[in-house]
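Residue numbers (our numbering): 142 to 415.
For glycine and all other residues, C-beta sits at the position ideal for the given N, C-alpha and C.
Here the structure is a predicted model, which means the values were calculated and not measured.
Quick notes on the structure that follows.
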Ligand SMILES: Nc1ncnc2c1ncn2[C@@H]1O[C@H](COP(=O)(O)OP(=O)(O)O)[C@@H](O)[C@H]1O
Ligand SMILES: [Mg+2]
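Here it is in structure tokens:
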């Protein structure tokens, strides 16, 4: 993307802009000169075969990977490397491709973990149970309870996460990511391994996060039916390169995308269009 375009994107208050991003591991180019913008309130899908660089992209945006080249713009500020410890303060939250929950903790406690960064009281004050710390803990529990309600998890609030079905665990992870009211939510294959019913349910929740919580969403997903039905724009990666970027209709008709991905791995017409 040219500098002018980036400035334009920032002036448009793009929720996220990625400029000339490259990242390699040894000889593998995980990302190669990627330019991408995500508009506020958009559901932006990222698709592509395994190893295409999708998770690497989210890992760069969430500061886990430092790119070799390029910049990430978040809320009008640009970073050569996103400070992962300030991610929550920047209004960004994410989920992981592989579940990252505390299986021995309750649903409520797992969700409340998403609020820890916002505590003002230090660890000592929390341990000592000083009034400020107690008030914060109470407010966190209240906020977590509201989010459980939003995700229809209230009945399970005291269950240990390890005892729940995989689909419900994925929903708990989503609840934890949302609890601090992020402006930008990065979801790495939130529906992988789900049944059709669970996918339908989660699709509804993702829409509700955008519509009711006014979050911008970047969604990595393999189910083309879900992607086409849910996203406003789709970016397609292949071997670390951006080979397509546009509306679901444009992507569906993009020959390079069909050749590299859609035509081989998926039957578009078979998509459920959830
Ligand atoms: N931490 C890492 N160390 C070494 N190679 C990595 C690492 N992360 C990703 N890669 C490599 O980068 C490429 C892109 O991986 P990834 O971003 O996980 O793809 P996707 O999520 O699209 O399946 C792959 O070749 C993968 O092996
Ligand atoms: Mg991945």
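Query                                                                                                                    : Result
Three-state secondary structure assigned by DSSP to residue 362                                                          : coil
Nonlocal neighbours in the same chain, by C-beta distance under 6 Å from residue 152, ignoring five residues either side : Since pLDDT at residue 152 reaches only 45, below the 50 mark, its modelled position is unreliable, and the value read off the structure follows with that caveat. For residue 152, where only same-chain residues beyond five positions count, there are no Cβ hits under 6 Å.
One or two residues paired with residue 170 in a DSSP bridge                                                             : 165
Nearest-angstrom Cα separation, counted from residue 206 out to residue 200                                              : 5 Å
Cutoff 7 Å; reference residue 245; Cβ partners in own chain excluding five residues on either side                       : 301 and 303
Length of the line joining the Cα atoms of residue 158 and residue 372                                                   : 17 Å
Within 8 Å, strictly: CB atoms of residue 285 and residue 319                                                            : no
Pick from 351, 393 and 278 that is closest to residue 369, judged by C-alpha positions                                   : 393
DSSP state of residue 388 mapped onto helix, strand, coil                                                                : coil
For residue 188: DSSP bridge partner residues                                                                            : 377
Euclidean distance between Cα positions of residue 387 and residue 337                                                   : 26 Å
Contact check, residue 172 vs residue 203, beta carbons under 8 Å                                                        : no
Residue 283 versus residue 376: straight-line alpha-carbon distance, rounded                                             : 37 Å
When 178, 191 and 192 are compared against residue 160, the one with the closest alpha-carbon                            : 178
Cβ pair count under 8 Å reaching 3, the region 181-196 against the region 361-368                                        : yes
Residue 413 - DSSP class collapsed to helix/strand/coil                                                                  : Low confidence applies to residue 413: its pLDDT is 46, below 50, so where it sits in the model is not reliable, and the reading given next is rough at best. Here residue 413 sits in coil by DSSP.
Residues sharing a beta bridge with residue 175, DSSP                                                                    : 162
Euclidean distance between Cα positions of residue 323 and residue 250                                                   : 19 Å
Contact set, ligand 1 heavy atom to C-beta under 5 Å                                                                     : 166, 169, 171, 191, 192, 193, 194, 195, 196 and 197
Nearest-angstrom Cα separation, counted from residue 192 out to residue 156                                              : 26 Å
Residue 213: first and last residue of the uninterrupted beta strand (DSSP E) it sits in                                 : 210-215
Residue 218 classed as buried or exposed, judged by whether at least 16 other C-beta atoms fall within 10 angstroms      : exposed
Residue 248, enclosing alpha helix (DSSP H) - first and last residue                                                     : 248-254
Residue 396 versus residue 384 - alpha carbon distance                                                                   : 10 Å
Environment of residue 169 [buried if 16+ CB atoms lie within 10 Å]                                                      : exposed
Residue 197 - DSSP class collapsed to helix/strand/coil                                                                  : helix
Residue of 196, 166 and 214 minimising C-alpha distance to residue 181                                                   : 214
Buried or exposed by the 16-neighbour rule on C-beta atoms within 10 Å, applied to residue 400                           : exposed
Limits of the unbroken alpha helix (DSSP H) element including residue 305                                                : No alpha helix (DSSP H) contains residue 305, which DSSP labels as neither H nor E.
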